[in-house]
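K.L.:
In this text, residue positions in the sequence shown follow this note's numbering: the first is 1, and each later residue adds one.
Beta carbons are placed, not taken as given, at the ideal position from N, Cα and C, and that holds for glycine.
Questions regarding the structure given below will be posed in turn.
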Amino acid sequence: MPSSILAEETENDISSEVITLRPYKESDADDFLGYAGDDQVTRFTRWNTFSCKEEALVYIKDFCIPHPYCRSICVNDRSIGFVFIRQESGDDKCRAELGYAIAAKHWGQGVTTRALKMAISDGLRSFPDLVRLQARVDVENKASRRVLEKLGFLKEGVLRKYMYIKGKFIDLVVYSLLSTDPMP
């Protein structure tokens with residue numbers, strides 16, 4: 001069952017639209033390509049910008065659908081982004097990584113914050129062994145860092161030259177939220 005929340009009124013007035021999280025469907029390929037095919041959106045992702053519907057469909061079928069917690073962020077049931085929670089295994093199943101991206105036209109509207117709030121709540125229920133949720137964000141991605149801070153994530157530090165992505169080494173800021181932390 002999808003999680004949902006009514007969007008609050010913003011500058012772009014999406015107040016009458018419902019934000020939901022749901023598993024991906026193959027029919028999301030066109031919408032997925034709309035954001036995954038945008039260089040602005042993929043600037044801070046590990047994957048390259050998608051160039052055609054077939055690539056989007058393969059990614060949805062091979063990664064999104066079989067993933068234990070990869071959800072499409074939807075407005076009025078149209079996919080506008082994604083969120084995933086990847087739980088570690090064995091003795092490390094107390095820890096999980098959070099990742100997300102959203103279509104540029106929805107930036108600055110609070111959609112990401114509301115969607116992640118739903119995903120975090122959902123994730124803590126779905127993974128009962130989860131104690132620590134962490135996110136690693138490019139130091140240059142100020143908007144994403146702000147979203148995590150609004151959600152109560154604590155900045156733990158900077159991993160210098162931690163990843164080589166798209167031809168350059170990047171520094172990542174590590175954020176964490178513990179299951180015992182107060183939820184905003």
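What distance in whole Å lies between the Cβ atoms of M183 and G152, which are believed to be in contact at a cut-off of 8 Å?
P.N.:
Position 152 of the sequence shown, counted from the first residue, corresponds to residue 152. Position 183 of the sequence shown, counted from the first residue, corresponds to residue 183. 7 Å between Cβ atoms; contact.
K.L.:
Taking the C-alpha atoms as reference points, what is the distance between V41 and L130?
P.N.:
As a position in the sequence shown, residue 41 is number 41, starting the count at 1. As a position in the sequence shown, residue 130 is number 130, starting the count at 1. C-alpha separation (whole angstroms): 29 Å.
K.L.:
Identify, in the order they occur along the chain, each residue of the same chain with its Cβ nearer than 8 Å to the Cβ of A104, setting aside the five sequence neighbours on each side.
P.N.:
For this step, residue 104 is matched to residue 104 along the sequence shown. Cβ within range, chain order: Y35, D38, Q40 and V41.
K.L.:
Return helix, strand or coil for Y59, following the three-state DSSP convention.
P.N.:
One-based indexing of the sequence shown puts residue 59 at position 59. Y59: helix per DSSP, three-state reduction.
K.L.:
For T112, count neighbouring Cβ atoms within 10 angstroms of its own Cβ and tell me buried if that reaches 16, exposed if not.
P.N.:
Here residue 112 refers to the residue found at position 112 when the sequence shown is read from its first residue. Buried, because 16 or more other Cβ atoms sit within 10 Å of the Cβ of T112.
K.L.:
Keeping to the same chain, check which residues put their C-beta closer than 6 Å to that of F127; ignore five residues upstream and five downstream.
P.N.:
Here residue 127 is taken as the residue at index 127 of the sequence shown, counted from 1. Counting only Cβ-Cβ distances below 6 Å, and skipping sequence neighbours, we find Q87.
K.L.:
Go to V158, then tell me how far its beta strand (DSSP E) extends in each direction, as first and last residue.
P.N.:
Counting from one through the sequence shown, the residue named residue 158 turns up at place 158. Residues L154 to I165.
K.L.:
Quick check: what's the CA-CA separation for E54 versus R136?
P.N.:
Mapped onto the sequence shown, residue 54 falls at position 54. Mapped onto the sequence shown, residue 136 falls at position 136. When rounded, the distance between both Cα atoms is 29 Å.
K.L.:
Going by the DSSP bridge assignment, what does V147 pair with across the sheet?
P.N.:
As a first step, residue 147 is located in the sequence shown; it is residue number 147 there, counting from the start. Paired residue(s): none; V147 is not in a bridge.
K.L.:
Please name the residue in S89, W47, D77 and K93 whose C-alpha comes closest to that of Y100.
P.N.:
For the purposes of this step, residue 100 is taken as the residue at position 100 of the sequence shown. Of S89, W47, D77 and K93, the residue nearest in Cα terms is W47.
K.L.:
Would S72 and D30 qualify as a contact pair, given that the criterion is a beta-carbon distance under 7 Å?
P.N.:
Position 72 of the sequence shown, counted from the start, is the residue given in the question as residue 72. Position 30 of the sequence shown, counted from the start, is the residue given in the question as residue 30. Cβ atoms of S72 and D30: not closer than 7 Å.
K.L.:
Please classify C52 as buried or exposed, where buried requires at least 16 neighbouring CB atoms within 10 angstroms.
P.N.:
By one-based count along the sequence shown, residue 52 stands at place 52. C52 should be labelled exposed.
K.L.:
Just to confirm the assignment, what range does the beta strand (DSSP E) spanning Y35 have?
P.N.:
Here residue 35 refers to the residue found at position 35 of the sequence shown. Careful: Y35 lies outside any beta strand (DSSP E), inside the alpha helix (DSSP H) at A29 to A36.
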